[in-house]
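Take a look at the structure set out below.
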Amino acid sequence: MPDTFTPPVIPTTPVTPAILESLRAIVGDKGLIVDDAGKEPFVRDWRGVLAGNAAVVVRPGSTEEVSKVVKLCHDNGIAIVPQAGNTGLMGGATPYPAHAGIVLSVGRMNRVLEVDTVGYSMTVEAGCVLQTLQETAASHDRFFPLSLGAQGSCMIGGNLSTNAGGVQVLRYGNARNLVLGLEVVLPNGDIWNGLRSLKKDNTGYDLKHVFMGAEGTLGVITRAVLKLWPAPKDVATAWLAVRDPKAAIEILSEAHSASEDNVGSCELMNRAGTDMVLRHIPNVQDPLKAETDWFLLLEWSSSRPRSDGTEGMSEKMEQFLADQMEAGRVLDAVIAQNEAQARNMWVIRESVAPASRAEGPGLSYDVSVSVSRVPAFIEQGMKAVYDILPSIRPYPLGHIGDGNIHFSFMGPKGMDRATLGQYSPAITRAVNDLVRDMGGSISAEHGIGIEKIDELAHYRSKIELDTMRSIKRALDPKNIMNPGKILRL
1 MPDTFTPPVI PTTPVTPAIL ESLRAIVGDK GLIVDDAGKE PFVRDWRGVL
51 AGNAAVVVRP GSTEEVSKVV KLCHDNGIAI VPQAGNTGLM GGATPYPAHA
101 GIVLSVGRMN RVLEVDTVGY SMTVEAGCVL QTLQETAASH DRFFPLSLGA
151 QGSCMIGGNL STNAGGVQVL RYGNARNLVL GLEVVLPNGD IWNGLRSLKK
201 DNTGYDLKHV FMGAEGTLGV ITRAVLKLWP APKDVATAWL AVRDPKAAIE
251 ILSEAHSASE DNVGSCELMN RAGTDMVLRH IPNVQDPLKA ETDWFLLLEW
301 SSSRPRSDGT EGMSEKMEQF LADQMEAGRV LDAVIAQNEA QARNMWVIRE
351 SVAPASRAEG PGLSYDVSVS VSRVPAFIEQ GMKAVYDILP SIRPYPLGHI
401 GDGNIHFSFM GPKGMDRATL GQYSPAITRA VNDLVRDMGG SISAEHGIGI
451 EKIDELAHYR SKIELDTMRS IKRALDPKNI MNPGKILRL
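Residue numbering for the sequence shown follows my numbering, starting at 1 and increasing by one per position.
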C-alpha cells in the first residue's frame, strides 16, 4: 500500500483450521488455494503496486457454494474480499496487508447460461471473461457493447461491481446500463434472485443498481442478465489529426447528425501518448505521421448491412471529414481500409496503460466533466500541474464523447517513483479541486477501491457519505464484505 495511506480498521478474525476444513467441504480441494505461490496473483493488483494477504483463496463453482462460503464467513466474522478478473486500477479487489480472511474468486463460475436472440439478452455467470461474452454474442449475430483494454482477462462480475465504462459509453452507457437483472449473494449468505429479463419493472426500489458500482462491499454478484444489440454490419474507423481539444468536441458534436446518430466511439489522444505506445508496444504502426499534438479516434457503426449502390459509413465519414478539414478542425485524416488497419488504431488507444508502465513512474487521474468543458479542463489542468512540476510530461487521453478524461502524466525523465511521489499530493489536490470547481467527478469509471477513499471523503458531501454508510451498515452490519473499500466506517 502507499506509504502515506492509513488503512481503515477491518475485521481480523483468523481462518482457523476448523473453518478451513469447512470451506474445503463446501468447494472441495480444487476450490481452495492455500500456498503462498498460488495465492500471489490474487493478493496483488495487476499493476504490481498494491499487495496484501489472505489466509486462503476460495473459488466456488456455483451460486450455492458462494452462498455457503459467505454464510460460514458471516457466522464467524471472517472478512471476504470478492474478486473477479483482478484487473481494477483502484485496489478494490486487493486485500489489505492486515486482511486475515479470504479472497473469494468467482473465476470458476464462467458459464454462459442462455442467449435469447429474440429478446436480445444473455444470462451469464460472474466469472465469464468479457471478451468471451463479446464473442458469444457475435456468434449469435448480436452485440454486447462493453469494451475496454482488459477485456481479454477482466470478468463480467468485476465489470458490473465497478460499473465499468470503456470506449462504447458514448452510445450504450456504462456497465449498469447494459444489465436487465442480477443475482447477488448478500453478506449474510442469502441469495437475492433478481434475474429478470424485463425492460420495464416498476415495483419499488431497483435493487440491482445498489450492487453495481458498490465494488463488492454490499454482496457478491454471481449471475447477470445482460442486454444485447444487433451486430454491427457497417463500421468506419478513422484516425484524425485535429487542431486542439476544442476542435475535437466540435467534431463530435457535428458527427452525431452527420452519421445519422451512429457514432460509437470518440477517443482523444495526444502526440506524447501515441509516441509512448509506438516506443513500447511491438508491431504497432503510426496511422498518420502528422505535425500536431492532438489526435482523435472516431468510429461510426450501423447494424444495417451495406448494399450495392448505397452510401455506407465510410463514404459518409469521408464527406464529413472533408467538411471538417475545410472548417479547419481536422488537419489530416485516414479512414481504415480493412479490419487490420482499424485494429491497429484501436491497439494504440488500448495500449496506453501497458506502455506507460514500461515508460516509468507516472500519475493518472480518471476524471469526468461535462463534454463542453473538456477543453477548458485540459488547458487549466495542465497549467496547474506545470506550476507544481514544470518538467512533468502530460499525456491526457480519454472518452471525450462522455466527458471522461484520463488525465495522465509521466514523471520527468530520470525522476524515480519516490521523488515523483513527493509531488503527488499537491498535484492530486490541484487536479481534483479543478474537477470539483467544474462540477465533475474525481472517478469517472475506475471506482474508489483503496486508492481514492480519502479523496471521496474530501469531495463528497456529508449527506452523501452518511447515506452510503447507512446502506453499507444495513446490508453488512458485521462489515465483512470487502471491508475498508470505498468508505471508512
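Cβ atoms here follow ideal geometry from the backbone N, Cα and C, with glycine treated the same way.
If you count every other CB in all the chains shown that lies within 10 Å of the CB of residue i, and 16 or more means buried, which is it?
| i | result |
| --- | --- |
| T217 | buried |
| I463 | exposed |
| G77 | exposed |
| E64 | exposed |
| N163 | buried |
| N482 | buried |
| P60 | buried |
| K316 | buried |
| P17 | exposed |
| E215 | buried |
| P230 | exposed |
| D75 | exposed |
| D419 | Position check: residue 419 holds Thr in this sequence, whereas Asp was assumed. Result: exposed. |
| Y120 | buried |
| D3 | Low confidence applies to D3: its pLDDT is 48, below 50, so where it sits in the model is not reliable, and the reading given next is rough at best. So D3 ends up on the exposed side. |
Which residues mark the beginning and the end of the alpha helix (DSSP H) in which residue i is found?
| i | result |
| --- | --- |
| K316 | 313-326 |
| I156 | 156-161 |
| S424 | 417-437 |
| E64 | 63-76 |
| Y365 | Element bounds for Y365: not the alpha helix (DSSP H) but the beta strand (DSSP E), 362-368. |
| A137 | 130-139 |
| T467 | 462-475 |
| G83 | Per the sequence presented here, residue 83 reads as Gln, with Gly not at that position. Careful: Q83 lies outside any alpha helix (DSSP H), inside the beta strand (DSSP E) at 80-83. |
| V43 | 36-43 |
| I378 | 374-388 |
| I453 | 453-459 |
What are the residues that DSSP puts in a beta bridge with residue i?
| i | result |
| --- | --- |
| N270 | W294 |
| K227 | S121 |
| I221 | V184 |
| W300 | A236, V263 |
| N404 | S368, H399 |
| E114 | T123 |
| P521 | Because the chain is modelled from 1 through 489, residue 521 falls outside the range shown and cannot be assessed. |
| D29 | According to DSSP, which records beta bridges pairwise, D29 is partnered with nothing at all. |
Rounded to whole angstroms, what's the CA-CA distance from residue i to residue j? Just pull it up for me.
| i | j | result |
| --- | --- | --- |
| R329 | A322 | 10 Å |
| V373 | F407 | The sequence shown places Arg at residue 373, not Val. Distance between the alpha carbons of R373 and F407 is about 14 Å. |
| R507 | G189 | The structure shown does not extend to residue 507, since the chain spans only 1 to 489, so no value can be given for it. |
| R171 | S265 | 7 Å |
| T428 | I388 | 11 Å |
| L180 | M155 | 18 Å |
| I102 | S147 | 30 Å |
| M1 | M276 | Summary for M1: the model assigns pLDDT 45, below 50, so the residue's position carries little reliability; its value from the coordinates is reported in the next sentence. Spanning the two alpha carbons is a distance of roughly 27 Å. |
| Q285 | L182 | 42 Å |
| D366 | I442 | 7 Å |
| R488 | S161 | 19 Å |
| A358 | M109 | 33 Å |
| R142 | Q134 | 9 Å |
| R304 | N432 | 43 Å |
| M325 | R417 | 42 Å |
| M122 | L331 | 43 Å |
| F377 | V435 | 8 Å |
| I486 | G91 | 10 Å |
| D466 | L72 | 29 Å |
| F42 | T94 | 7 Å |
| V385 | D454 | 20 Å |
Rounded to whole angstroms, how far is the Cβ of residue i from the Cβ of residue j, which I believe are closer than 8 Å?
| i | j | result |
| --- | --- | --- |
| G403 | S364 | That pair is no contact at about 17 Å. |
| N344 | P287 | 7 Å |
| M313 | W294 | In fact, because the Cβ distance is near 23 Å, the residues do not count as touching under 8 Å. |
| L298 | A255 | 7 Å |
| L397 | M269 | 5 Å |
| V492 | V57 | Residue coverage of the chain in this structure runs from 1 to 489, which leaves residue 492 outside it and unanswerable. |
| V220 | V184 | 7 Å |
Could you spell out the range, first to last residue, of the beta strand (DSSP E) harbouring residue i?
| i | result |
| --- | --- |
| V242 | 234-242 |
| A355 | That residue, A355, is in no beta strand (DSSP E); its alpha helix (DSSP H) goes 352-359. |
| I191 | 191-194 |
| D332 | 330-335 |
| L104 | 102-105 |
| V169 | That residue, V169, is in no beta strand (DSSP E); its alpha helix (DSSP H) goes 169-172. |
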